[in-house]
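One gets this note's numbering by counting positions in the sequence shown from 1 and adding 182 to each.
Even glycine gets a Cβ: it sits at the ideal position worked out from N, Cα and C.
For reference, the structure is listed below as structure tokens.
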Amino acid sequence: MKSFIVRWTAGCMCGESSFRVVAESLEKAKELFEPFIMQDKENSYFWEQACRAVERHYGGYIDWKVEGDTDMEKGCYELPFDSCFSGSDHLND
183 MKSFIVRWTA GCMCGESSFR VVAESLEKAK ELFEPFIMQD KENSYFWEQA
233 CRAVERHYGG YIDWKVEGDT DMEKGCYELP FDSCFSGSDH LND
């Protein structure tokens, strides 16, 4: 199995969502991820916002990254939300 990281954001989000998807290939990972993400109301809302933003070329992106081989079971795993407000405030450091 291979591990993939999908990250996305849209103009309405204050950060970046990401999931680890374990599947045989990138195409299989995308097939597995779409129905999975649509099961959760909040995640599906932001996923749809990112898809629209990418489609219409305004304020968002979707990025798939290959992590490599893994022993993890096939599936989708939510990763921590990366808030734009959680970074360092260099003025106060």
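Within 10 Å of its beta-carbon, does residue i have 16 or more other beta-carbons around it, so buried, or fewer, so exposed?
i: glycine 242; result: buried
i: threonine 191; result: buried
i: serine 199; result: buried
Quick check: the Cα distance between residue i and residue j, rounded to an integer number of angstroms?
i: tyrosine 259; j: methionine 183; result: 14 Å
i: leucine 208; j: glutamate 224; result: 24 Å
i: alanine 232; j: alanine 205; result: 23 Å
i: alanine 235; j: isoleucine 244; result: 9 Å
i: threonine 252; j: methionine 220; result: 25 Å
i: valine 248; j: tyrosine 227; result: 25 Å
i: phenylalanine 186; j: glutamate 255; result: 13 Å
i: tyrosine 240; j: serine 265; result: 20 Å
i: glycine 250; j: arginine 202; result: 11 Å
Could you have a look at residue i and say whether DSSP puts it in helix, strand or coil?
i: tyrosine 243; result: strand
i: lysine 184; result: strand
i: serine 226; result: helix
i: glutamate 198; result: strand
i: glutamate 213; result: helix
i: glutamate 206; result: coil
i: glutamate 255; result: coil
Taking C-beta to C-beta, are residue i and residue j nearer than 9 Å?
i: tryptophan 246; j: lysine 212; result: yes
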